[in-house]
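Reviewing the structure listed below.
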Amino acid sequence: DGEALTTKEFFYLLPATEQANQNSWFNEFTSHIKNFRQEKGEEENQITVLVVDDDENMQDSLNDILEEHYNVLAASNGPEAIKLAKETKLIDIVLLDIHMPGPKGHFVLPELKAVHPDSEIIIITAYKDTEIASIAFDRGAYTYLCKPFFRSTLLATISDALQAKYIKKALAEIGETPTDFPLTFTNKTKLITEYYNTQKIKNRAITFGEVFAFYPNLTDCGIPDEEVLPMDLEPQHILSWISDKIESLS
């Protein structure tokens, strides 16, 4: 019609197209975590998501989307969420609204992190609240979602957060600090993914020596510098594959 799409319209179109391609391995990944917990003898092998939102319709919608894959808990405000967190043995993901009665989401976030430090917190926010969401990043949030969002975007974001949670845990166990200065864990992940993609286009496999440049503490893992990564890895699986490789040597 001769009208250009706005940036906001792109946000609604592109993520859904991109994230839909990830759903083929979504169930496989969540099953992997459940099996991992069972093998470790953990009583709570179900992945738990806590939804914190005062909008009952939003709670119901999120529950309808998530209950097929996860154990879903719900709270309507900050104090209720903190109480529920203290009563729950394991919470993996928190979907945290910013604007609620009582303490706002970005004030509740550090208290939730104090109770469940390994949980990944996803901020749910209206489009105009992205400045507040950026404050939440400084307090430990994994990412944020702007309302309204697609089902596929929500599931893919939770899946990404779960991967980050387990990769950080695996790397921490072998001495790699996820927040090493000057590159955060998230930035390291983005860099190695982009580098892998660039070399793959050139039909060139990257070596573990190059991986060690991103993660120096991995150099003692027993993998020779000259060994190469497979050329057929999906970018989002790179660090999972590396972790499995290291674990197989231990």
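Going by my numbering, the sequence shown opens with residue -17, and the numbers climb by one from there.
Cβ atoms here follow ideal geometry from the backbone N, Cα and C, with glycine treated the same way.
For residue j and residue i, the rounded distance between their alpha carbons
i                 : j                 : result
leucine 200       : glutamate 229     : 12 Å
serine 58         : lysine 147        : 25 Å
glutamate 113     : aspartate 120     : 12 Å
alanine 67        : alanine 187       : 44 Å
leucine 231       : proline 85        : 47 Å
asparagine 53     : lysine 184        : 43 Å
glycine 60        : phenylalanine 132 : 25 Å
valine 97         : asparagine 179    : 38 Å
isoleucine 117    : leucine 127       : 14 Å
threonine 139     : glutamate 49      : 16 Å
glutamate 216     : glycine 87        : 34 Å
threonine 30      : leucine 136       : 15 Å
phenylalanine 194 : glycine 122       : 26 Å
asparagine 39     : aspartate 46      : 11 Å
aspartate 42      : isoleucine 224    : 38 Å
proline 212       : serine 134        : 28 Å
glutamate 62      : glutamine 218     : 35 Å
histidine 81      : glutamate 69      : 24 Å
lysine 182        : proline 198       : 22 Å
Delimiting residues of the beta strand (DSSP E) encompassing residue i
i             : result
aspartate 235 : With the chain covering -17 to 232 only, the question about residue 235 has no answer from this structure.
glutamate 102 : 102 to 108
valine 54     : 53 to 57
lysine 129    : 125 to 129
Sequence-distant residues of its chain with Cβ nearer than 8 Å to residue i (five each side left out)
i             : result
lysine 151    : Asp100
aspartate 214 : none
isoleucine 64 : Val90, Glu93, Leu94, Val97
glutamate 192 : Tyr177
Residues of its chain near residue i, where Cβ-Cβ distance is below 6 Å and the 5 sequence neighbours each way are ignored
i              : result
lysine 129     : Ala108
isoleucine 205 : Phe190
glutamate 176  : none
Residue i - containing alpha helix (DSSP H), residue span
i             : result
alanine 195   : 190 to 196
leucine 200   : Here leucine 200 belongs to no alpha helix (DSSP H), and DSSP marks it neither H nor E.
valine 97     : 87 to 97
leucine 32    : Note, leucine 32: premise wrong, no alpha helix (DSSP H); beta strand (DSSP E) at 30 to 34.
glutamine 39  : Just to set this straight, residue 39 is asparagine in the shown sequence, not glutamine. Element bounds for asparagine 39: 38 to 48.
proline 61    : 60 to 69
lysine 184    : Here lysine 184 belongs to no alpha helix (DSSP H), and DSSP marks it neither H nor E.
glutamate 233 : Any property of residue 233 remains undetermined from this structure, which presents the chain solely from -17 to 232.
Anticipated Cβ contact below 8 Å, residue i with residue j, distance rounded
i                 : j             : result
isoleucine 106    : aspartate 79  : 5 Å
leucine 55        : valine 33     : 7 Å
phenylalanine 190 : aspartate 202 : That pair is no contact at about 12 Å.
serine 196        : lysine 227    : Residue identity differs from the one stated: residue 196 is phenylalanine in this sequence, not serine. In fact, because the Cβ distance is near 15 Å, the residues do not count as touching under 8 Å.
Cβ-based neighbour list, residue i, same chain, cut-off 7 Å, excluding 5 preceding and 5 following
i            : result
proline 83   : Asp36, Asn59
leucine 44   : Val33, Leu77
tyrosine 124 : Glu102, Ile103, Ile104, Ala143, Ala146
Exposed unless 16 or more other CB atoms sit within 10 angstroms - verdict on residue i
i          : result
valine 210 : exposed
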